[in-house]
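Notes for the one structure printed next.
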Amino acid sequence: SSLPRHITKGYQHTQIEIENLRYLYIPIQDLLLVLITSKSSNVIEDMEILKLLYGIVIDQCKDGGVSESKVMSCAFDLILAFDDVVTLGYRESVSVAQVMEYLEMDSSEEKSFIKQQKMRENEAKEVARKKQREIDRNKKLQAKGYLLLCS
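Next comes the structure, spelled out in structure tokens:
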């Protein structure tokens, strides 16, 4: 919350230390990508993590540039990608390409779920078509003076 007050535009600093925390950041257009660590962490490794996260953000938000709305629309994928980079506070040994590959992988369970959902949708559409035909037929019969009772 106090980070924006300490950032001076136009300077090349990419880190700020406040109390017992270190804020490492990279500007991305009008936004800031911020990594918060303790002062006791390895700043060089932290910068590597931040650069990797930066690459992921750029790759995920490449269509239309990086903006707040684009980041919000890609938020779920960004969170999953960030989780692949840092697990339980420790950096995983992955590259941007590997993380993108992980995000594109489909699980067999997901494919099965999608297939079942489409089958249910198609069945519901078919039932709706049959009902509509029945309703249309009843309207025609009623117009001719016949009454057909439906169950």
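When we follow the working numbering, the leftmost residue of the sequence shown carries the number 6, and every step to the right adds one. Built from N, CA and C at the ideal position, the CB exists for glycine as well.
Asked: Minimum C-alpha distance to V91 - residue among L58, Q122, I33; Found: L58
Asked: L37 burial status per 10 Å Cβ neighbour count (16 or more: buried); Found: exposed
Asked: CB contact flag (L40, V62, <8 Å); Found: no
Asked: Secondary structure, beta strand (DSSP E): runs of 3+ residues fully inside the stretch 54 to 125; Found: none
Asked: Three or more C-beta pairs below 8 Å linking the stretch 42 to 60 and the stretch 95 to 115; Found: yes
Asked: Proximity of Q65 and A86 at Cβ, strictly below 8 Å; Found: yes
Asked: C-alpha distance - K130 paired with K123, whole-angstrom precision; Found: 10 Å
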